[in-house]
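In this note's numbering, the protein residues as written are 138 to 582. By construction, the Cβ of each residue, glycine as well, lies at the ideal position given by its N, Cα and C atoms.
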Amino acid sequence: MAHHHGRGLSTLQLGTTDDCLETWILSGWGRRPVDDYLMTLYTTMQQIESGTTTVMYNHSTTPSSGLEENVNQVLKGFNEVGMRSAFSVMYRGQNRVVYDDDDKFIASLPTELGDALRAHVARNSISADDYFSLFERLHKEHGADPNGRTRVLLSPANVQWADDGFLERTKEYATRYNTGVHIHLVETMYQKAYGLRRWGRTPATHLGDLGFLGPELSCAHAIWLTDADIDLLAGSGATVCHNASSNLRLKNGVAPVGAMVGRGLNVALGTDSTAINDDDDMIQEMRLVAKLHREPGLDAPAITSHQVLRNATINAAKPTFFHDDIGALEVGRRADAVLLDMTSITEPYMDPDVDPIDALLYRGKAQDVKTVVIDGEVVMRDGRFTRVNKDDVVRELRERLGRPVEAEVLRTRSMAADLMPHVQSFYDGWSTDQGAPHYRFNARS
Ligand SMILES: [Zn+2]
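As structure tokens, then:
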């Protein structure tokens, strides 16, 4: 699982329906806070149920107090279930509301709304210095054991959310601690437009000019890449973490995966916590990827089932910084295995010439996964978790969420709703920066 933000319950379950990323993020501010430990237990069990053994986890909330305790609870959850994680905390240091200076945008709002927003932003931000010292503590405490199941990565949220100084410092820390960097990149057309407006070049080119690209870097989404961007990323050895479902659900488009694979760019698969069936079923996610990237025409390349399986396994292992330890069943690697019962996939008949990987990707579901082994340890046997009791976790979540929605949450929801029209009008005219005012399949110019 090459990109995920945890949360346990889906965003729909927590009250937000799909929307454009730029406004969907604001709706997310009004989601109920739920215990990080419990949520991690739940989300991790759901991932293991469809055969995930390693997750690239990106912690997306940064309260100005209590952050370290929260992330330690998440890591405790991974350890409890036995999941392997490439763990990072996301940093947003600027342009937190729209893709422009926070103070400038807040000053354009009615006073009461601006004051409420200023306080909200302050409550949910940390400084760059605090970020890097938190990284150092987490790396030392959780990520330093080469035989352990945790790696701690760095994560500037995106080029519009972290300034050049932060990006340069991130690169230095990644080199010093020999670890990975996880970033979101051109997830939306507005993010590409930000680069064109701010620097007169695409965000990927800007990162290249800064010397930020490299094999340690993984870029989530990367939908709005140009062909030149694809070559640039491929040449640097970076990875793209593709989230097909999330890209559809948040109105961001279809990533040019055929071109990425064709040009030698390493593509890994994730769900971004926003999978097509509103769960984390990676088998169905692989099916979506296999179907979505079948470009029209006899000569056009179509992604194969085997390629998609590689995207979900060996290619996804690369940016985790477990290196060659994971990603395939081979002597010398850590023993991860997923055992499936193929009965419902092949009953009542399957032609003997059908490739078993085709059969899995055409017809498989999480329910066919029976047993999951991580580092040689059986963490789920015949559908039952060996370390934790899923029913207890579900009961606890049901009880806690059965209480009335907190007053603070209701206030934030109402502020976010008041903000929406202002945010929408901020982006007036931005989509035409692409030269494609309406959606086009694989627009890469
Ligand atoms: Zn994400």
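As computed with DSSP, residue 511 is found in a beta bridge with 514. Contact check for residue 164 against residue 415 fails: the beta carbons are separated by 8 Å or more.
The straight-line gap separating the alpha-carbon atoms of residue 321 and residue 510 is approximately 30 Å. In terms of side-chain proximity, the C-beta atom of residue 409 is found nearer than 7 Å to a non-hydrogen atom of ligand 1. Collapsing the DSSP output to three states places residue 243 in a helix. Relative to the Cα of residue 561, the nearest Cα in the group 441, 162, 152 belongs to 162.
A contact between stretches requires three or more CB pairs, one per stretch, nearer than 8 Å, and the stretch 274-288 fails this requirement with the stretch 228-247. The continuous alpha helix (DSSP H) containing residue 312 extends over residues 301-313.
Using a Cβ-Cβ distance cut-off of 8 Å, the stretch 357-373 and the stretch 321-332 are in contact, since at least three pairs of beta carbons, one from each stretch, lie closer than that value. Comparing alpha carbon positions, the residue from 444, 335, 407 closest to residue 187 is 407.
For residue 553, the closest C-alpha among the options 143, 166, 422 is that of 166.
The beta carbon of residue 397 sits closer than 7 Å to those of 367, 377, 404, all from its chain and outside the five residues before and after it, given in chain order. Within 7 Å of the C-beta of residue 140 there is at least one heavy atom belonging to ligand 1. In this structure, residue 196 places its C-beta atom within 8 Å of the C-beta atom of residue 226.
Rounded to whole angstroms, residue 537 and residue 184 show a C-alpha spacing of 22 Å.
Here residue 351 is not near residue 371, since their CB atoms are 8 Å or more apart. Counting along the chain, the unbroken beta strand (DSSP E) around residue 224 starts and ends at 221-226.
Remark: three or more beta-carbon pairs, one from each stretch, lie closer than 8 Å, so the stretch 206-225 and the stretch 505-525 are flagged as touching. Residue side-chain check: residue 357 places its Cβ nearer than 7 Å to a non-hydrogen atom of ligand 1. For the pair of segments examined, the stretch 197-205 was found to touch the stretch 259-271: the number of CB pairs separated by less than 8 Å reaches three. Cβ-Cβ separation between residue 559 and residue 494: approximately 49 Å, too far for a contact (criterion under 8 Å). The beta carbon of residue 520 lies closer than 7 Å to those of 507 in the same chain, with the five residues before and after it left out. Distances from the CA of residue 473 to each of 251, 156, 454 were compared; the closest alpha carbon is that of 454. Under DSSP, residue 506 forms a beta bridge with 477.
In this structure, residue 425 and residue 381 form a Cβ contact; the two beta carbons are roughly 5 Å apart against a cut-off of 8 Å.
With at least 16 other beta carbons inside 10 angstroms of its own, residue 379 counts as buried. If you compare the alpha carbons of 192, 206, 568, 315 with that of residue 143, the shortest gap goes to 192. Membership of residue 287 in the beta strand (DSSP E) is indicated by the continuous run 287-290. For residue 377, the secondary structure class from DSSP, reduced to helix, strand or coil, is strand.
Going by DSSP, residue 270 is part of the alpha helix (DSSP H) stretching over 265-275. Each residue's CA atom was taken as its position, placing residue 391 and residue 357 some 13 Å apart. Cβ-Cβ distances below 8 Å link residue 504 to 481 in the same chain, with the five nearest sequence neighbours on each side left out; the list follows chain order.
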